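I have placed the structure first, in the form of structure tokens, so that the comments after it can refer back to it.
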Amino acid sequence: MSISIDVTDYVSAPKDQATLLFHDERQQANFELGVSMHIHKWDTLSIAVDNGWGGQHGEEKRDWITGVVVDLFRDNKELDVFAIHEVLFNAMEDEFEVFVEDDTTVLVAHNIVNCYRDCARQDYTKVQEMYARWQIKQANRSRNAVAHVHVEEDPENPESSDDEEDEDHTGHEHAHDDDVDMDVDEVKGPIVDEDGFTVVTKKGGRRR
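Just so we're aligned: 86 in full-length UniProt numbering is position 86 of the sequence shown, and the numbers increase by one with no gaps anywhere.
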């Protein structure tokens, strides 16, 4: 089953507001958290960050992208999916040298627009669910980072443990090399959103 994303779909501020910024602190805080969660769960960007394609400051660049998207809502009275997509697309190319051709930028932009609508209704359920899942994921990553295998030294062959560690280290290096060589754009299968629907992008004319 598939869903169609209209890139001209947009949100607009009430007539008495100059921008899309929420004046209610709880609404704005949840919206900013929601933007951050959608950016963090974006697999294309996560691969780029984890493999260092943005240099040593990949995580900071990801946070910067979140801030840029939030600022779009602070500075505009109307905002559509296509405008957010353009920001995400250009950020990936400029900061990570990744040319995204799989339309995931459109899906992320679509989800952010829907997140804004949820927060406008003061419905923070999805945002808090994403945040809870992210916290669990981070906790698991922290546990995996500190876990290590202790190799006991063989009294009959004290150099064996060092050799095994060298072999393991070499294996990890090769595995890392394989990861770095992977091209995000090589995989161009169907995009599936968080509800299991295949995404079909509707690229109609932009609003004027």
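Ideal Cβ placement from N, Cα and C applies to all residues, glycine included.
Remember, predicted model here, so these are calculated numbers, not experimental data.
- Note on geometry: alpha-carbon atoms of E25 and R117 lie some 16 Å from one another.
- In the three-state DSSP reduction, E78 falls in the strand class (E or B).
- Leaving aside the five residues that flank V69 on each side, the residues in its chain whose CB is nearer than 8 Å to its CB run, in chain order, V35, I39, I84, V87, L88 and I112.
- The segment 94-107 and the segment 50-59 touch, with three or more beta-carbon pairs separated by less than 8 Å.
- The three-state secondary structure of Y124, taken from DSSP, is coil.
- D71 carries a helical assignment under DSSP once its states are collapsed to helix, strand and coil.
- By the neighbour-count definition (other C-beta atoms within 10 Å, threshold 16), A48 is a buried residue.
- Rounded to whole angstroms, E32 and V146 show a C-alpha spacing of 30 Å.
- DSSP places D6 within a strand segment (E or B) once states are collapsed to three.
- Between the beta-carbon of F82 and that of V7 there is about 4 Å, and that keeps the pair under the 8 Å contact cut.
- Sorting D71, L45, L72 and F73 by C-alpha distance to the C-alpha of E60 places L45 at the top.
- Going by C-alpha positions, A13 is about 40 Å away from S142.
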